[in-house]
Amino acid sequence: MTTQLKVLSAGKPSDAGKSPILEVRELGLHFKVNGAVLPILENIGLCVQPGEMMCVLGPSGCGKTTLLNVLAGFLKPGTGHVLAHGQPISGPGPDRCVVFQEDALFPWLTVAENIGFGLKGKGFSRRQRREMVERYLNLVGLLPFGGYLPSEISGGMRQRVALARVLILEPAILLMDEPFVALDSQTRQEMQQLLLSLWKRFSHTVVFVTHDVREAVTLADRVVMMDKNPGRIKEVVDIGLQRPRDPAGNLFHRQCVQLEELLRNT
Numbered sequence: 001m002t003t004q005l006k007v008l009s010a011g012k013p014s015d016a017g018k019s020p021i022l023e024v025r026e027l028g029l030h031f032k033v034n035g036a037v038l039p040i041l042e043n044i045g046l047c048v049q050p051g052e053m054m055c056v057l058g059p060s061g062c063g064k065t066t067l068l069n070v071l072a073g074f075l076k077p078g079t080g081h082v083l084a085h086g087q088p089i090s091g092p093g094p095d096r097c098v099v100f101q102e103d104a105l106f107p108w109l110t111v112a113e114n115i116g117f118g119l120k121g122k123g124f125s126r127r128q129r130r131e132m133v134e135r136y137l138n139l140v141g142l143l144p145f146g147g148y149l150p151s152e153i154s155g156g157m158r159q160r161v162a163l164a165r166v167l168i169l170e171p172a173i174l175l176m177d178e179p180f181v182a183l184d185s186q187t188r189q190e191m192q193q194l195l196l197s198l199w200k201r202f203s204h205t206v207v208f209v210t211h212d213v214r215e216a217v218t219l220a221d222r223v224v225m226m227d228k229n230p231g232r233i234k235e236v237v238d239i240g241l242q243r244p245r246d247p248a249g250n251l252f253h254r255q256c257v258q259l260e261e262l263l264r265n266t
């Protein structure tokens with residue numbers, strides 16, 4: 001018996017009874033290149049529910065990162081509307097934090113100083129900042145490494161620092177742009193499991209950009225499949241697997257195969 005993917009209409013939330021924490025309505029974005037207008041995103045409609053883990057999947061050049069940048073407030077929509085908590089997004093905000101492909105750590109600061117950097121000027125005492133940093137060092141498994149410089153730890157450990165640095169700010173929404181893409185397979189799997197454990201603990205809303213089908217099936221409640229030229233939503237797929245998920249299981253494999261088929265046809 002073949003397990004079928006549950007395909008939803010693009011832009012429709014999986015739970016219509018809830019108010020979305022992020023909402024994109026008829027988003028379009030164009031860039032000018034050598035005097036010509038180049039469409040990047042076209043007619044994007046999407047709802048993200050509070051506490052949802054959503055992955056955005058698609059081929060290179062389909063606008064995944066551009067969409068994330070619009071959600072972050074780094075780019076303004078050309079047409080349409082983008083809302084967070086029911087209000088228009090006019091720029092970056094403390095409710096939304098971004099984890100990039102590059103860890104973007106300050107090389108002259110220690111691991112602990114990098115994690116605590118965003119707390120400065122927020123009214124915390126030095127003791128409070130130290131206690132908060134120690135807590136998040138422990139949560140990401142780096143408590144013994146707080147005094148190290150970024151150059152003295154591995155790539156996977158640096159991404160743990162980058163993750164802790166945004167989590168300590170307690171954002172409602174995490175926007176993650178292929179943060180594990182440069183890691184080896186084993187470290188990448190470890191980071192996926194760390195992210196899932198922290199997501200379960202803190203109930204953040206996560207929008208996670210990836211081009212890796214297995215990563216999407218490992219992480220997502222729903223997968224947004226994008227097409228390119230211009231970037232648009234092809235399908236929104238409900239991943240119906242229970243957690244924790246077994247990457248060696250038949251159902252996991254079938255989900256991957258069917259998503260790969262959708263990806264090949266973009």
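Residue numbering for the sequence shown follows UniProt numbering, beginning at 1 and increasing consecutively.
Quick reminder that beta carbons are idealized off the backbone N, C-alpha and C, glycines included.
These figures come from a predicted structure and were not determined experimentally.
Check, Outcome
"How should V257 be labelled, buried or exposed, when 16 other C-beta atoms within 10 angstroms of its C-beta is the threshold for buried?", "exposed"
"For L262, name the three-state secondary structure that DSSP assigns.", "helix"
"Quick check on V98: does DSSP put it in helix, strand or coil?", "strand"
"Do you know whose CA, among A172, F145 and A248, lies nearest Q49's CA?", "A172"
"If distances are taken between C-alpha atoms only, which option among L41, V37, L22 and F31 comes closest to P230?", "L41"
"Are M191 and G156 close, meaning C-beta to C-beta below 8 Å?", "yes"
"Within a Cβ cutoff of 7 Å, which residues of the same chain sit near V223, ignoring the five residues on either side of it in sequence?", "C55, L57, A216, V237, I239 and L259"
"So G61 is in the beta strand (DSSP E); what residue range does that whole segment cover?", "From DSSP, G61 is part of no beta strand (DSSP E); its letter is neither H nor E."
"For H253, list the residues DSSP reports as bridge partners.", "Bridge partners of H253: none, in fact."
"Could you compute how far the alpha carbon of V181 sits from the alpha carbon of F106?", "20 Å"
"So, are the CB atoms of P92 and F117 less than 8 Å apart?", "no"
"Could you pull the DSSP bridge partners for L174 from this structure?", "C97 and V206"
"Three or more C-beta pairs under 8 Å: does that hold for the region 18 to 30 against the region 60 to 78?", "yes"
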